[in-house]
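Heads up: the sequence shown begins at 7 in our numbering, then just goes up one per residue.
All C-beta atoms, glycine included, are put in the ideal place defined by N, C-alpha and C.
Everything on this sheet refers to the single structure shown next.
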Amino acid sequence: MTDVATAPPFPMARECPMHPPAEYASLRAERPIAPVTMPDGQRAWLVTKHKYARALLADPRVSSNRTHPAFPFLTEVDRASLTRDDRPFTRSMLAQDPPVHTTHRRAVITEFSVRKVQAMRPRIQQIVDECVNAMLADGGPLDLVQALSLPVPSLVICELLGVPYADREAFQRWTRVLVTRSSTTQERTAASDRLTEYLDKLVSAKEAAPTDDLLGRLIAKNAQTPTMDHTELVAMATLLLIAGHETTANMISLGVVALLERPDELTELRDSPGILPQAIEEMLRYFSIVDAITARVALADIEIGGVTIRAGEGLVVAVNAANWDDEVFAEPQRLDIHRSARHHVAFGFGVHQCLGQNLARAELEIVFETLFRRIPGLRLTVPAADLPYKDDANTYGVHEVPVTW
Ligand code: HEM
């Protein structure tokens with residue numbers, strides 16, 4: 007990347023809470039693979055076009071290895087600590103390449119199949135109904151994040167994994183520190199240590215006495231045919247717990263806000279719930295809440311889009327930019343529930359494409375259908391523009407959604 011004179015800082019700020027940073031559109035038009043400067047001062051390539059995003063995320067010459075010295079992080083990190091054995095996140099499948107990644111993903115993939123998620127639906131419905139019952143009993147006004155957005159995916163992932171829901175206050179707090187860019191390195195290290203200690207203890211207990219839940223089944227299977235060591239099991243538990251609640255919670259909150267702001271579309275969805283799955287794909291595209299964790303490092307020279315990404319250079323795929331590519335999605339700034347948006351990359355692309363996407367879709371469908379059917383008069387108590395959006399989080403969302411009905 008020596009030919010590069012200017013490399014703007016990344017991540018970039020949003021001007022409108024509902025839109026990606028304005029720079030994405032000009033970069034996509036003028037320089038769809040452009041150099042940027044990461045928070046630690048390192049250079050990386052920012053990818054803003056849909057076709058290059060998909061090509062690079064599917065390219066076996068790019069690596070997800072967080073311990074590579076050029077891996078682009080969205081915050082400053084203590085790189086030296088990343089290889090320590092008590093820092094298991096770098097041993098999770100998200101941070102592995104094939105063949106290790108393939109082995110880890112295969113160990114749990116059947117737990118997230120369409121058939122398995124279909125079987126979870128009645129229980130998800132029950133959880134959502136209980137949250138809505140509690141909202142109605144409270145009478146409002148209340149914060150939808152605490153009443154519904156956060157409890158639903160947290161309870162679902164806790165029950166699936168076999169993590170006590172009673173411990174949610176702690177793991178939700180540690181997760182928040184980890185995904186907030188303004189957390190200091192010390193705060194992030196402390197949160198990561200506490201979460202690791204917690205899940206290490208839980209995994210050890212399940213190793214001693216396997217339980218009938220995802221982690222218990224994984225541990226039992228692994229004891230018969232070992233493919234993962236203890237640290238990797240803890241890494242798996244950490245990844246699934248974080249990814250399973252924080253993402254979907256934000257998507258629920260933003261989806262509710264978007265629909266409350268669009269009464270015509272909301273009426274249409276209430277009258278024809280059959281179009282809800284398609285509307286959810288469009289909301290996933292529109293918000294692209296996990297914008298830039300799809301970072302990689304090139305292991306070989308890659309010629310693409312008129313540039314050469316050299317071996318050993320980092321790249322960041324801005325999913326939110328790719329999903330607003332007007333060559334692929336006409337008028338991307340319009341949230342159009344009639345659009346077929348299924349080819350969005352909000353769940354990533356390639357071997358690391360979101361493992362929990364079927365589960366996320368089921369949770370979103372059940373929450374939106376139930377909430378708007380049972381509380382038809384739901385409304386925000388403050389203008390949507392004044393909500394506290396998560397401007398400094400790796401997963402976009404909103405801290406609080408005050409509602410009444
Ligand atoms: C709306 C909700 C969600 C969004 C937008 C989302 C987004 C993503 C994205 C973009 C990736 C790709 C990361 C990369 O390529 O580096 C990913 C991976 C992953 N997601 Fe999700 N996710 C969501 C919900 C979930 C849920 C509910 C789970 C359940 C546990 C989950 C588990 C995972 C896992 C395990 C990976 C890593 C897969 C791998 O490395 O092979 N996600 N997700």
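For H74, the CB contacts under 7 Å within the same chain, skipping 5 residues up- and downstream, are V303 in chain order. About 24 Å separates the beta carbons of D219 and L154, which is beyond the 8 Å limit, so they are not a contact pair. Contact check between the stretch 86 to 97 and the stretch 328 to 336: fewer than three CB pairs, one atom from each, fall below 8 Å, which does not count as touching. At least one heavy atom of ligand 1 is found less than 8 Å from the C-beta of R111. The beta carbon of Y58 sits closer than 7 Å to the beta carbons of P38, I39, I310, G311 from its chain, once the five residues preceding and following it are set aside; these are given in chain order. Annotated as distal: H56 and D342, with beta-carbon spacing of 9 Å or more. E319 sits close to A50, with the two beta carbons spaced by under 9 Å. Secondary structure within the stretch 272 to 312: the beta strand (DSSP E) runs of 3 or more consecutive residues, fully enclosed, are 301 to 304, 308 to 310 (chain order). Per the Cβ contact rule, the stretch 197 to 205 is in contact with the stretch 180 to 188 (3 or more Cβ pairs under 8 Å).
Assigned with DSSP and collapsed to three states, L52 falls in strand. At a threshold of 8 Å, M99 counts as near ligand 1, since its beta carbon sits closer than that to one of the ligand's heavy atoms. A contact between stretches requires three or more CB pairs, one per stretch, nearer than 8 Å, and the stretch 16 to 35 fails this requirement with the stretch 58 to 68. Comparing C-alpha distances from F353 to each of F374, I299, A211, V373 shows the shortest one belongs to I299.
Residue range 320 to 323 is occupied by the beta strand (DSSP E) that includes V322. Proximity to E406 across T217, L393, A143 peaks at L393, based on C-alpha coordinates.
Rounded to whole angstroms, R72 and A143 show a C-alpha spacing of 47 Å. Under the 8 Å Cβ criterion, the stretch 350 to 367 does not count as touching the stretch 258 to 273, having fewer than three qualifying pairs.
Shown here for D65: same chain residues with a beta carbon closer than 8 Å to its own, the five before and five after excluded, namely I308, G356 in chain order.
In the three-state scheme derived from DSSP, where H, G and I count as helix and E and B as strand, V106 is classed as helix. By the Cβ criterion, the stretch 371 to 382 is not in contact with the stretch 220 to 232, since fewer than three pairs of Cβ atoms, one from each stretch, lie closer than 8 Å. Looking at the backbone, the Cα of A101 and that of V240 are separated by about 14 Å. The C-alpha of P408 lies about 14 Å from the C-alpha of I258.
V325 has its alpha-carbon roughly 20 Å from the corresponding atom of M99. Spatial neighbours of P45 in its own chain (CB-CB distance under 6 Å, excluding positions within 5 residues in sequence) are listed in chain order as T81, E82.
The stretch 355 to 371 and the stretch 122 to 133 touch, with no fewer than 3 CB-CB distances between them shorter than 8 Å. In this structure, V53 sits away from L275, with a CB-CB distance that is not shorter than 9 Å. Between I295 and Y395, the C-beta gap is not smaller than 9 Å, which leaves the two residues out of contact.
Excluding sequence positions up to five before and after T254, its CB lies within less than 6 Å of the CB of P159, A366, E369, all in the same chain and listed in chain order.
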